[in-house]
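Residues 41 to 252 (this note's numbering) make up the sequence shown, in order.
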Amino acid sequence: MKDFSISMALVDFIPVILFAIAAVILQRDLYNKMSKGAFALFAAGTINITCAGALKATYKLLYAAKICDFEALNAMFFPVQSIGFLLAGLGIIATLTHKQSTPTLAVAPTVFSGTFVFVALMVAGLGLMDVGLCIIAFKMKKQHVTTIIVFAISFVCSLCMGYLSSQNFAQAAMNWIAEGVNVVGQGLFFLGTYLMHKNGLAKFQLKGGETV
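See below:
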């Protein structure tokens with residue numbers, strides 16, 4: 041029996057909305073700097089991440105409202121979100137490195153158990169995306185220190201989420217802690233994106249990257 045409440049489920053939508061807004065801003069600002077392949081990776085990844093978070097929050101809402109226990113929505117969260125982060129990270133790195141080939145992911149589900157493999161993919165993808173955005177912020181030179189610090193703290197919050205994901209989420213207290221960390225992390229990700237957008241990311245030209 042999971043200790044979910046309707047208010048908890050509604051709060052869970054906040055980081056999803058923050059990330060979705062940040063993702064749309066980044067997609068619009070980076071579109072002219074990415075090749076079709078790199079943009080496809082980034083767009084697909086951010087859509088996956090948003091959908092995974094929205095479905096997980098919907099699962100909690102349905103459960104808390106005693107409508108149903110839609111377990112499939114809960115079970116698909118880690119696979120969809122982790123692959124999303126990996127794709128988004130690869131899209132950002134491809135923009136910076138000009139490497140457009142998409143690596144083949146060979147995942148053997150029988151070797152790993154639990155959610156560890158998905159947490160690892162999520163952290164790796166998010167790390168690539170945040171590092172890539174920090175490099176772009178550094179090249180822009182406007183409030184780049186603040187922006188890099190914001191993205192770094194956001195990444196730390198995501199690492200904390202990776203740890204918290206291994207804990208017992210049947211208890212309300214653990215859910216509230218995780219949601220608090222997630223709101224802070226995605227809020228900072230949105231802030232970093234907003235700072236880059238405000239400082240002219242849409243018009244900024246990456247050296248040699250606008251035709252990637």
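Built from N, CA and C at the ideal position, the CB exists for glycine as well.
Considering Cα atoms alone, identify which of the options is closest to residue i.
i: T90; options: Y71, Q121, I193; result: Q121
i: F53; options: Y99, T86, Y71; result: Y99
i: F230; options: A49, A60, V163, M41; result: A60
i: I132; options: A49, L70, K96; result: L70
i: K243; options: L66, A62, L95; result: L66
i: G167; options: K42, G129, A62; result: G129
i: G26; options: A84, R68, V223, T186; result: There is simply no residue 26 to check, as the chain begins at 41 and stops at 252 in what is shown.
i: A134; options: Q245, M41, S75; result: S75
i: Q245; options: I176, V163, S194, F191; result: I176
i: F195; options: G225, Q183, M48; result: G225
i: L113; options: L95, V64, V56; result: L95
i: F79; options: G93, A92, V64; result: V64
i: Y103; options: S47, N72, I87, V171; result: S47
i: G254; options: F117, F82, K106, A97; result: As shown, the chain starts at 41 and ends at 252. That puts residue 254 outside it, with no answer to give.
i: D170; options: V221, E111, A62, K73; result: A62
Pull up the distance between the alpha-carbon of residue i and that of residue j, whole angstroms please.
i: W216; j: C108; result: 21 Å
i: M180; j: L241; result: 8 Å
i: L161; j: L127; result: 10 Å
i: G77; j: A164; result: 20 Å
i: M41; j: V223; result: 25 Å
i: Q140; j: G85; result: For Q140, the pLDDT reaches just 41, beneath the cut-off of 50, and the residue's location in the model is therefore unreliable, although a value from the coordinates is still provided. Looking at the two C-alpha atoms, the distance is approximately 15 Å.
i: S45; j: K182; result: 43 Å
i: T137; j: N88; result: 23 Å
i: A105; j: I193; result: 34 Å
i: M116; j: A92; result: 7 Å
i: A146; j: L101; result: Summary for A146: the model assigns pLDDT 46, below 50, so the residue's position carries little reliability; its value from the coordinates is reported in the next sentence. When rounded, the distance between both Cα atoms is 34 Å.
Whole-angstrom Cβ separation of residue i and residue j, contact assumed at under 8 Å?
i: D212; j: M201; result: Going by the sequence as given, residue 212 is Ala instead of Asp. Between M201 and A212 the Cβ distance is about 17 Å, and since that is not below 8 Å, they are no contact.
i: G227; j: L50; result: Incorrect: roughly 16 Å between the Cβ atoms, too far for contact.
i: I188; j: C197; result: Actually they are not in contact, since the Cβ atoms of I188 and C197 sit about 15 Å apart, beyond 8 Å.
i: F178; j: H184; result: 5 Å
Inset, instruction - Please determine if the segment 225-239 and the segment 110-127 are in contact, where contact requires at least 3 C-beta pairs separated by less than 8 Å. - result: As far as the Cβ criterion goes, the segment 225-239 does not touch the segment 110-127, which means the pair count is below three.
Legend entry - Any alpha helix (DSSP H) of 4 or more consecutive residues that is wholly inside the segment 111-137: Qualifying alpha helix (DSSP H) stretches, in chain order: 111-115, 117-137.
Legend entry - Minimum length 4: unbroken alpha helix (DSSP H) runs contained in the segment 165-196: Counting only runs of at least 4 residues, the segment 165-196 fully encloses no alpha helix (DSSP H) element at all.
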